[in-house]
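Colleague:
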Amino acid sequence: MKIALVHMRHAETGGTELFLNQLSRYLAEKGEDVTIICRTHVAPTQPNIKFVKLDGFSLGKAHRIWKFAKDVEKHLSKHQYDFVYGLGKTWSHDMLRIGGGTHIHFVDSMKKGKLTFKDKVAIAIERKAMAQGAYKHVVANSYKSATEIQEAYGVPDDKISVIHNFVDTRRFSREKHKNVAAELVQSLGIDTAKPIFLFLGSGYKRKGLKEALTAFSMLDFPATLLIVGRENHEEEYKEYARSLGISDSCYFLGTQTKPEHYFSMADCYILPTHYEPFGFTAIEALSCGIPVITTENCGAKEVLKEHVATVVGSDVKPSELASAMTYWAARVGEVELRKQCRDLALDLDVNAVMEKNYQKILSVYNLKSGVNASK
């Protein structure tokens, strides 16, 4: 089958990008003819994967996403694919995966309904993508996200499926990276006698770093907080840490391409997010043997268990976070806890989840072929 996977950005970092990399690899290994239609790309995860690069001139971010969607539509009108799988911000597809939740819900949650021009364009694209007849099937990565999609666009029950996210348990392995992690700890001068908490993610406001810092300042025992990720206003958060008197215990490490090293350094992962349709990092942390603290706003709560995670309220109170941090700090180094974390992650191993995605592609393709045959 000649399959097109469509997403603006093919890269090594980012949740949708991670899904794109793993799905393209898996499909190619199954012998499918895979093309990634994108604006930018890095090296493929499998040598047989092809690229179509649509990077026409654009003015600003809003125009760029609209232009890409139009360019995809034009390309597909001139080239034949057996199946087109869109991964967001385009409207030309047989099946659509909404891995980041709907943009309408994101704006309501994070911006209180205040729309920028870019938001308006993104919502316009989303509405075209979700219009009646624009898709044969929709895949969400959590029941939380599926509910939002159905609320916003009236998708029928028989046209939407939930396939949870996955983790590459071979890559995210504490045992595999223990030597590198030990070297990083030593190079940063971190005292391993103190619990090490990790915050990892881009977009610090949405992911709740301010609340994490506040909670960290409330702890009545010495600890370390590692902050990894991409953020345009990082200095504001550094200043906030200074104002709380915790800057000496906080390590702002910026963007890193090997998150598995930092999960393998830490004793507990904290993701106090205000909006997260799923959250790959929660199960990546488990795969590296550390418990997770997150919120009711995180779709990954659907796969977490209380013996390896704490889920605090949707209002993200620092006092609740601090209580959870205190609980898990008291269990640092427990061998059985690390095993339980790892065991849960193994149930979500990448190849098992990719097979579910592959079977869904095949079933929707068969549906599409039947429709075409009946005309």
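Every letter in the sequence shown is one number past the one before it in UniProt numbering, and letter 329, counting from 1, is 329.
Just so you know, even glycine gets a beta-carbon here, dropped at the ideal spot from N, CA and C.
Below 6 Å CB to CB, which residues in the same chain sit around S374 once its five sequence neighbours on both sides are set aside?
Modeller: A caution first: S374 carries a pLDDT of 38, below 50, which makes its placement in the model too unreliable to give a value.
Colleague: So, with DSSP's three-state summary, where would you put I160?
Modeller: strand
Colleague: Please list the terminal residues of the continuous beta strand (DSSP E) segment that includes G254.
Modeller: Note, G254: beta strand (DSSP E), 250 to 254.
Colleague: Out of curiosity, what's the CA-to-CA distance linking T294 and D315?
Modeller: Here the alpha carbon of T294 sits roughly 11 Å from the alpha carbon of D315.
Colleague: Report the three-state DSSP secondary structure of Y81 (helix, strand or coil).
Modeller: Looking at Y81 - three-state DSSP - the assignment turns out to be coil, as it is neither helix nor strand.
Colleague: For R331, I'd like the list of residues in its chain whose CB is within less than 8 Å of its CB, leaving aside the five on either flank, ordered along the chain.
Modeller: P291, L337
Colleague: Cβ of Y143 within 7 Å of Cβ of V162?
Modeller: yes
Colleague: Which of the three DSSP states is assigned to I290 in this structure?
Modeller: DSSP, reduced to helix, strand and coil, places I290 outside both helices and strands of the structure shown, so it counts as coil.
Colleague: For H79, tell me which candidate among T35, D267, T40 has the shortest Cα-Cα distance.
Modeller: T35
Colleague: For K375, does the three-state DSSP call read helix, strand or coil?
Modeller: For K375, the predicted structure reports a pLDDT of 34, less than 50, and the residue's modelled location is therefore unreliable. The matter cannot be settled from this model.
Colleague: Can you tell me which of the three DSSP states D168 falls into?
Modeller: When secondary structure is reduced to three states using DSSP, D168 falls in the coil class, being assigned neither helix nor strand.
Colleague: Are the stretch 299 to 318 and the stretch 280 to 291 touching, with three or more C-beta to C-beta distances below 8 Å?
Modeller: yes
Colleague: So, for I98: in the same chain, excluding its five sequence neighbours on each side, which residues have a beta-carbon less than 7 Å away from its beta-carbon?
Modeller: Hits under 7 Å: G88, V138, A140, S145, I149.
Colleague: Using CA atoms only, rank isn't needed, just tell me which of A223, E236, Q132, A193 is closest to L209.
Modeller: E236
Colleague: List the endpoints of the continuous alpha helix (DSSP H) containing K238.
Modeller: 234 to 244
Colleague: Three-state secondary structure (DSSP) at E276?
Modeller: strand
Colleague: Would you decide whether E296 is buried or exposed? Buried here means 16 or more other CB atoms lie within 10 Å of its CB.
Modeller: exposed
Colleague: Return the chain-ordered ranges of every beta strand (DSSP E) run that is complete within the stretch 296 to 366 and spans a minimum of 3 residues.
Modeller: 309 to 312
Colleague: Between P44, M1, E32, G31, which has its C-alpha nearest L20's C-alpha?
Modeller: P44
Colleague: For T257 and G370, I'd like the C-alpha separation in whole angstroms.
Modeller: 44 Å
Colleague: So what's A4 in DSSP terms, helix, strand or just coil?
Modeller: strand
Colleague: Which residues share a DSSP beta bridge with F51?
Modeller: Listed as beta-bridge partners of F51 by DSSP are I36.
Colleague: Taking all protein chains shown into account, decide if P47 is buried (16 or more other Cβ within 10 angstroms of its Cβ) or exposed.
Modeller: exposed
Colleague: How many Å lie between G229 and W91 at the Cα?
Modeller: In a straight line, the C-alpha of G229 is about 30 Å away from that of W91.
Colleague: So, for L18: in the same chain, excluding its five sequence neighbours on each side, which residues have a beta-carbon less than 8 Å away from its beta-carbon?
Modeller: F280
Colleague: When the distance is taken between beta carbons, is E32 closer than 7 Å to I3?
Modeller: yes
Colleague: DSSP on I123, reduced to helix/strand/coil?
Modeller: helix
Colleague: Taking the beta carbon of G100 as the centre, do at least 16 other beta carbons fall within 10 Å, making it buried, or is it exposed?
Modeller: Under a 10 Å Cβ-count criterion, G100 is classified as buried, with 16 or more other Cβ atoms of the shown protein chains found around its own Cβ.
Colleague: Kindly indicate which residue of I37, I49, D220 has the alpha-carbon position closest to the one of L76.
Modeller: I37
Colleague: Compute the beta-carbon to beta-carbon distance between I227 and F263, rounded to the nearest angstrom, for a pair I have assumed lies under 8 Å.
Modeller: Actually they do not touch by this definition, with Cβ atoms about 14 Å apart.
Colleague: Which partner residues does G86 have in the DSSP bridge list?
Modeller: According to DSSP, G86 bridges with V6, L96.
Colleague: For a quick check, are the C-beta atoms of I270 and F197 less than 7 Å apart?
Modeller: yes
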